[in-house]
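Chains as they are written, first to last, in this note's numbering: chain U, 24 to 353; chain H, 24 to 353; chain Z, 3 to 327; chain W, 3 to 327. Glycine residues also receive a C-beta, built at the ideal position from the N, C-alpha and C atoms. Nothing here was measured: the structure is a model prediction, and the numbers come from that model.
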Amino acid sequence: MSTNSIGRETRLELYRLQLELRYCEKRAYDLFLQNLVKGTSHLSLGQEAIAAGFGVAMRPDDWTFCTYRGHAHTLARGASMTGVLGELMGRECGLLGGKGGSMHLTDVAKGAMGSYAIIGAHLPVAAGAAWSAQYRGTEQVAVCFFGDGTANIGAFHEALNFAVVWKLPVIFVCENNLYMEYTPIGSVTAVEHPAADRASAYGLEKVVVDGNDADEVYLTAVKYMNRARKGGGPALIEAMTYRHSGHSRADPAKYRPEGELEQWLQRDPVNRYRGRLAQLGVAEATLKDLESDALRKVDEATAAARASSPPSLDGIEKNVWADGGAAWRN
Amino acid sequence: MSTNSIGRETRLELYRLQLELRYCEKRAYDLFLQNLVKGTSHLSLGQEAIAAGFGVAMRPDDWTFCTYRGHAHTLARGASMTGVLGELMGRECGLLGGKGGSMHLTDVAKGAMGSYAIIGAHLPVAAGAAWSAQYRGTEQVAVCFFGDGTANIGAFHEALNFAVVWKLPVIFVCENNLYMEYTPIGSVTAVEHPAADRASAYGLEKVVVDGNDADEVYLTAVKYMNRARKGGGPALIEAMTYRHSGHSRADPAKYRPEGELEQWLQRDPVNRYRGRLAQLGVAEATLKDLESDALRKVDEATAAARASSPPSLDGIEKNVWADGGAAWRN
Amino acid sequence: MAELTYRDAVAAGIAQEMARDERVVFLGEDVAAAGGVFKATVGLLEKFGPRRVRDCPISEQAIIGAAMGAAMTGLRPIAEIMFSDFLAVCWDMVANEIAKTRYMTNGQIALPLVIRTANGAGSRFGAQHSQAVENWAMAVPGLKVVAPATPADVKGLIAAAVRDPDPVIVFEQKSLYSMKGEVPDGEHVDQLGRAKVRRQGKDCTVVALALMVHRALEAAEVLEKEHGISCTVVDVRSLVPLDTQTILSEVSKTGRLVTVEENPRLCGWGAEIASIVADECFWDLDGPIMRIATPHVPLPSADQLEDNTIPSVERIVREIRERID
Amino acid sequence: MAELTYRDAVAAGIAQEMARDERVVFLGEDVAAAGGVFKATVGLLEKFGPRRVRDCPISEQAIIGAAMGAAMTGLRPIAEIMFSDFLAVCWDMVANEIAKTRYMTNGQIALPLVIRTANGAGSRFGAQHSQAVENWAMAVPGLKVVAPATPADVKGLIAAAVRDPDPVIVFEQKSLYSMKGEVPDGEHVDQLGRAKVRRQGKDCTVVALALMVHRALEAAEVLEKEHGISCTVVDVRSLVPLDTQTILSEVSKTGRLVTVEENPRLCGWGAEIASIVADECFWDLDGPIMRIATPHVPLPSADQLEDNTIPSVERIVREIRERID
Ligand SMILES: Cc1ncc(C[n+]2csc(CCOP(=O)(O)OP(=O)(O)O)c2C)c(N)n1
Ligand SMILES: Cc1ncc(C[n+]2csc(CCOP(=O)(O)OP(=O)(O)O)c2C)c(N)n1
Ligand SMILES: [Mg+2]
Ligand SMILES: [Mg+2]
């Protein structure tokens with residue numbers, strides 16, 4: 024794919040976003056080591072190019088649906104970093120006031136329509152949002168991120184067929200990081216590409232992209248989102264990538280064959296992108312600025328989140344219902 | 024597909040079986056009109072060649088898993104016709120003593136491992152039986168019948184992937200009769216062949232056969248069952264067919280385009296097969312004998328089933344558990 | 003007042019709301035062109051067109067998921083699950099996603115949607131098409147649950163469900179679809195969370211739901227006439243929210259509680275009500291709380307077997323007569 | 003007696019049965035090579051090999067369906083559902099297929115299989131990974147249901163479940179995996195359907211399950227020492243079959259019943275027990291039946307919120323103290 028068509032501003036934005044995602048995920052890990060993140064968390068370290076590529080390509084009123092591995096996708100839509108880190112730490116300032124935690128980050132105002140922690144469920148939900156856009160003629164697009172392992176669950180199949188039959192403006196993005204939790208995807212999947220090799224089962228085109236190349240992701244996103252906006256229906260994109268850390272905070276990832284991580288670290292999306300920008304003539308000082316800005320943003324968000332108090336216990340019986348309460352009886 | 028290789032005995036057996044299925048289904052409908060069949064029932068009129076082709080091809084210790092449209096498949100394994108009709112009428116002599124009804128016909132002794140009334144569920148179950156055959160090295164095969172509409176539910180996807188990854192001896196047979204209940208399958212499916220066009224999503228070969236030709240079904244069954252027995256793994260076969268009556272007893276099938284039924288009646292599997300046998304030199308008297316034998320068998324079964332009493336009410340609290348009872352407390 | 007069947011009242015309720023609010027859309031299997039397998043949605047496609055009334059593939063997870071996604075982005079979908087037993091194939095969507103999303107997102111996501119489904123026995127369909135599973139839904143925080151017993155109630159409660167800002171499951175009673183009853187003319191909107199006292203008595207308060215309301219009422223007549231036992235019959239109507247005020251006050255008056263439940267015994271809605279009464283009304287009770295429920299077995303299909311499994315009028319009469327003095 | 007953690011006792015129970023019976027096989031997600039996400043099945047692959055201990059795709063319907071198909075054809079599978087919340091994605095297989103098949107086929111099909119799953123809160127995982135859903139299973143006729151509270155019980159009840167000829171769901175308590183306790187040496191097989199009286203008292207019978215047993219016991223100590231209230235604590239252990247004899251006789255002795263449930267309030271197992279006691283033990287009751295349960299809300303994830311949502315020792319003490327004299 025020729026990536027020449029991307030302008031400088033967009034490129035800088037893609038780099039900026041990848042940096043923020045990278046630094047924020049690293050910070051989340053540090054905070055876990057300090058025992059400040061109490062629940063589980065699933066980092067996107069190594070997979071930032073996908074969230075960034077789409078994040079930059081999306082219209083502000085488009086919708087993101089993602090998984091428990093959703094910090095990057097939520098931040099990529101512009102959600103408050105303090106809100107994200109605060110939620111991980113279970114603080115009042117958290118995006119969800121501490122009620123959802125790392126696996127359920129949501130910022131509706133920014134189009135981040137939720138992180139779903141049970142495999143597969145959000146694929147049909149994204150289709151439903153796309154239906155609503157289609158129904159109202161708004162040309163919004165729903166983008167739904169999920170993992171390679173998710174392509175083996177029933178809801179994947181139902182959502183894909185449904186979206187194609189109804190010609191819905193939804194883009195399904197499989198982030199193939201080669202593993203489900205600790206099990207190599209190849210050992211539990213009948214085809215090489217769990218998502219893309221199934222596209223034809225829904226009359227869709229097979230699309231596999233380098234998920235560690237933000238430019239390629241960005242251009243692919245633009246192409247299929249434009250088509251969807253114009254009534255061309257859904258797309259299924261498989262982005263090849265790798266997570267640098269374990270599945271979740273508790274996982275040392277010992278199941279990986281020797282050298283695999285090292286090989287992928289050489290294709291680290293952030294480093295690669297920096298290299299490309301340098302090659303394209305972006306000044307070292309500009310890059311450094313972006314890096315220190317991103318770090319500062321993460322530092323400030325960390326400080327703000329740490330300063331926030333634990334959520335009030337009142338919240339426990341709030342917001343089950345639209346009236347704000349939890350009453351099941353009179 | 025050349026069908027020359029099928030011997031005369033097998034052909035007569037295929038005809039005999041199709042006749043029995045045809046006459047028995049017609050009888051079931053008559054009994055419903057007489058208000059003797061109380062629950063719902065879903066007939067296989069027009070689809071007999073599939074049940075017969077597999078029925079003749081299977082080893083006695085192979086396993087059949089089918090749906091609520093399961094009279095033919097259960098009979099094809101040699102289940103008692105009195106037991107089938109008795110079950111439809113809710114009699115003591117029913118295969119299930121009146122506890123299952125038309126939608127759940129089962130005769131484990133004959134390898135008829137159940138009729139499943141919730142779409143999709145039995146595909147994984149059939150895979151599980153195949154696993155057990157593989158585990159014990161018995162070379163048994165599980166055959167799982169389902170409809171075109173079923174290829175759109177999640178369990179289909181999970182079962183297919185699972186069976187391929189574990190290389191299980193299971194044959195998935197989609198009887199594509201062009202409709203789910205009252206809705207044309209094309210209007211709710213992203214591909215033309217709901218099953219076969221998805222075979223590649225599981226690394227399987229695309230197989231579409233004429234489901235109204237018992238010979239073609241038989242040969243296909245033999246081929247893929249032999250392969251499965253030898254450790255060659257699963258197959259997915261889509262058999263094109265048509266149901267002559269409505270979806271269930273209550274359905275007048277008004278949603279069909281004019282002329283469609285008539286067209287398919289000309290390809291009626293039983294008539295066609297009779298024609299082929301005649302052409303191959305089978306004497307008219309032989310055919311007539313088979314026909315009157317089949318009718319007599321149905322008459323006798325009807326009489327026996329009608330003579331059977333309603334099930335004893337004791338049965339209500341029997342056989343929840345293996346100890347024969349239903350106790351949930353001491 | 004017009005006389006309508008329960009099935010026509012369903013269609014009338016949906017039509018009333020679709021006519022009022024363009025955001026209301028309807029989806030399910032065989033619901034549009036065919037008008038539903040129970041013919042409870044006949045005419046909707048003709049009235050509102052294929053953009054708003056949609057046939058779906060056999061993909062319950064997609065159907066419910068689509069309703070959820072549409073609801074959170076501004077529509078007000080009504081989704082049909084053909085038989086309530088099939089809620090099991092999309093139970094994750096219902097119990098884990100729809101029920102929990104508002105809470106988990108601390109109120110950011112609203113899910114104004116309705117799931118309608120045909121519930122209960124009586125059609126000789128066997129164990130996989132006959133369950134009364136309203137207690138499954140009641141057990142999950144975040145779902146509102148109603149089970150109307152009459153044509154008027156089903157119309158009015160569907161309308162209320164559509165207007166409610168939270169997810170509501172409407173359990174329609176399969177064996178009541180052909181029942182006729184008066185339905186108010188013009189716009190009819192009921193209220194969630196209100197029980198109805200269908201009959202007033204002195205000796206015992208019978209609390210029932212859906213089909214069982216009618217059986218309880220018949221039984222009450224027999225008990226009064228033949229055995230001199232006078233029963234109050236409360237139609238619960240809404241399991242969540244639950245009208246405990248009405249139930250507690252009626253039990254207090256008679257001193258006895260009997261629940262009549264179609265669900266199999268264990269963890270039925272009657273257990274919940276019994277536990278509430280045994281706590282909050284304990285000192286008003288004059289005798290044991292009795293539950294009359296389907297025995298804890300899957301349902302058999304043969305007519306005589308099915309009829310003798312779910313609570314019958316005779317069984318209600320017999321059990322109350324034997325135990326209430 | 004050896005001291006084992008609850009998680010090691012799980013593996014020991016499975017290993018004991020796999021060593022005894024070649025028909026026992028084990029499948030699930032990340033259970034073999036990785037030993038499970040809770041490390042409760044470490045070592046099984048090494049001991050029994052990849053033919054008997056199998057990693058699966060993320061396909062819960064296929065996993066449970068495969069277990070069902072294998073069970074009906076002669077194997078005795080143990081299937082893991084990683085978190086009990088995920089039972090919802092295969093609920094049709096569990097509630098409509100496995101639970102009903104023996105009955106619908108009038109005994110032709112036997113399903114000797116076990117589903118093990120990690121249940122309950124305490125890990126700050128949020129509403130979709132923390133539910134206590136033992137009442138979902140209890141509500142479905144045809145399933146046996148146990149929820150062990152100690153290492154010895156989890157080993158012995160898993161063994162009993164594997165040997166049982168019917169489908170059994172074993173709810174393992176997530177927050178107990180690291181708990182240590184004595185486990186009998188050698189073969190250890192417990193019995194389904196038996197409650198255990200963990201503590202004897204005079205004023206009140208507290209009935210609890212799994213994690214709540216430990217909280218109830220702690221609370222009972224405090225109540226005794228600080229408030230002079232003496233409690234019996236019954237560990238239900240087995241919801242189906244239910245040991246009503248033990249429960250009824252213990253309630254009769256103290257005249258009061260308190261249930262302590264981790265499940266959200268509505269239709270919890272405590273409601274069922276309350277309704278049984280309110281019927282069969284009514285005349286022995288000296289006061290209202292109390293239920294202490296998680297409020298009827300999805301679970302929040304932040305530590306302080308989660309800790310204050312499921313019943314704590316403090317809450318048990320407070321509620322009993324306020325209401326039992
Ligand atoms: C229905 C269901 N089954 C199992 C799990 C447990 N689980 C959480 S993440 C995960 C692996 C997912 O793999 P993949 O889709 O590749 O996403 P990744 O974590 O690699 O981003 C599993 C099995 C779950 N959350 N939901
Ligand atoms: C999960 C589920 N959804 C819906 C139904 C209702 N239903 C019964 S048969 C049927 C159509 C099935 O179509 P197909 O698979 O083509 O089989 P056919 O009846 O044509 O043999 C439907 C929707 C069901 N039984 N289970
Ligand atoms: Mg992955
Ligand atoms: Mg069909």
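Our two residues, S335 of chain H and G120 of chain H, have alpha carbons roughly 9 Å apart in a direct line. Among the CB atoms of chain W, none fall inside 9 Å of the CB of E162 of chain H.
In the DSSP assignment, G30 of chain W forms a beta bridge with W:D57. Using beta-carbon distances, M95 of chain Z counts as an interface residue toward chain U, with a partner under 9 Å.
Contact note: Y225 of chain U reaches chain H through A213, V214, using a C-beta cutoff of 8 Å and chain order. By the criterion of at least three beta-carbon pairs nearer than 8 Å, the segment 210–218 of chain H is not in contact with the segment 272–286 of chain H. For chain W, the residues of the segment 135–155 of chain Z that bring a beta carbon within less than 7 Å of one of its beta carbons are N137, W138, M140, A141, P143, G144, in chain order. Closer than 9 Å to the CB of G269 of chain H there is not a single CB belonging to chain U. Using a Cβ distance threshold of 9 Å, H127 of chain U and A129 of chain W count as a contacting pair. Counting of Cβ neighbours within 10 angstroms places N108 of chain Z among the buried residues, the total reaching 16 or more.
When DSSP assignments are scanned along the segment 210–248 of chain Z, the uninterrupted stretches of alpha helix (DSSP H) that are 4 or more residues long and fall wholly within it turn out to be 213–229. Not a single CB atom of chain U sits nearer than 9 Å to the CB of S251 of chain Z. Counting along the chain, the unbroken alpha helix (DSSP H) around R320 of chain W starts and ends at 315–325. If you check the CB distance, E274 of chain W and R267 of chain Z come in under 9 Å. Residues of chain H whose Cβ lies closer than 9 Å to the Cβ of S277 of chain Z do not exist, since the nearest Cβ in that chain is about 17 Å away. Scanning its chain for C-beta atoms nearer than 8 Å, with the 5 sequence neighbours on each side dropped, one finds around R100 of chain U the residues G78, M81, T87, D130, K133, G134, A135, in chain order.
The Cβ atoms of E181 of chain H and N199 of chain U do not sit closer than 9 Å to each other. If the five residues before and after G188 of chain W are omitted, its C-beta is found closer than 8 Å to no C-beta atom of its own chain.
Counting C-beta atoms within 10 angstroms of its own C-beta, G76 of chain H has 16 or more neighbours from the protein chains shown and is therefore classed as buried. Here DSSP, grouped into helix, strand and coil, assigns F50 of chain Z to helix. If you check the C-beta of M106 of chain W against ligand 2, you find no heavy atom less than 8 Å away. Residues of chain W with a Cβ closer than 8 Å to the Cβ of G272 of chain Z are, in chain order, S277. The three-state reading of DSSP puts M181 of chain Z in coil, since its state is none of H, G, I, E or B. For the options W:R320, W:R293, W:K146, W:Y105, the alpha carbon positioned closest to that of G347 of chain H is the one of W:Y105. At a cut-off of 9 Å between beta-carbon atoms, A123 of chain W makes no contact with chain Z. Proximity of the beta carbon of I208 of chain U to ligand 3 is indicated: a heavy atom of the ligand is located closer than 8 Å. With a cutoff of 8 Å, T129 of chain H does not count as near ligand 2, since its C-beta is closer than that to no heavy atom of the ligand. With contact defined as three or more Cβ pairs closer than 8 Å, the segment 223–239 of chain W and the segment 164–173 of chain W are not in contact. In the same chain as A73 of chain W, and ignoring 5 residues on each side of it, the C-beta atoms closer than 8 Å to its own belong to P79, A112, L113, P114, L115, P169, in chain order.
Leaving aside the five residues that flank T248 of chain W on each side, the residues in its chain whose CB is nearer than 7 Å to its CB run, in chain order, A197, V199, V236. In this structure, DSSP gives D286 of chain W a helical state, which the three-state scheme calls helix. In this structure, M263 of chain U has its CB at a distance of at least 8 Å from all heavy atoms of ligand 3. Distance from the Cα of N58 of chain U is smallest, within the candidate group U:Q289, U:A273, U:A349, U:N353, for U:A273.
The beta carbon of P79 of chain W sits no closer than 9 Å to any beta carbon of chain U.
Assignment of beta-bridge partners to R290 of chain U by DSSP yields no partner. Shown here, T63 of chain U sits in coil according to DSSP, grouped into three states, outside any helix or strand.
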